[in-house]
Structure formats: structure tokens, C-alpha cells
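For the sequence shown, full-length UniProt numbering begins at 1 and goes up steadily by one.
Beta carbons: idealized from backbone N, C-alpha and C, even for Gly.
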Amino acid sequence: MGEIDVHGLRDVDLDIFEGEFVVLLGPSGSDKSTLLNILGGPTSGEAHWRDHNLSARRMPN
């Protein structure tokens, strides 16, 4: 368990600016919920990008 790499989303580039209203549209299975869960932050485990552990960083409130 935990030995398998899962790539649910690829090549995602998303810019959301203050005051914008954003809607995610797509067919069932297109990873809309996965993207929202990722944006909300991990509930367990770690998220890495290249050599950086993103789980250790928190955005200021």
C-alpha cells in the first residue's frame, strides 16, 4: 500500500484571480472533484512537486 503512483490529473494550469467567479464543467470522471480536493489541500500523506514537499508549506490566511 502506498507504493503505486497515481496520476489523476496532468498538465493542469489554473489561474484564479481575486474577485473572479469560476465554474468547473466536464463529464463524469473528468476529475473535477479531484481538482477541488487537491486545491483544498491533502488530508493525509504528502504532495511533492519536483524536489519540494508542498505538504510542509501552508499559505497565510
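L35 Cβ short of 7 Å to the ligand SAM heavy atom set: The model on display carries no ligand, and the ligand SAM is accordingly not part of it.
Euclidean distance between Cα positions of L3 and E46: The residue you asked about is not Leu; residue 3 is Glu in the sequence shown. Using only the alpha carbons, I get a separation of about 13 Å.
Residue 70 vs L54 beta-carbon contact at 8 Å: The requested residue 70 does not occur in the structure, where the chain is confined to residues 1 to 61.
Residue nearest to V12 in terms of C-alpha spacing, selected from T43, D51, K32 and H52: K32
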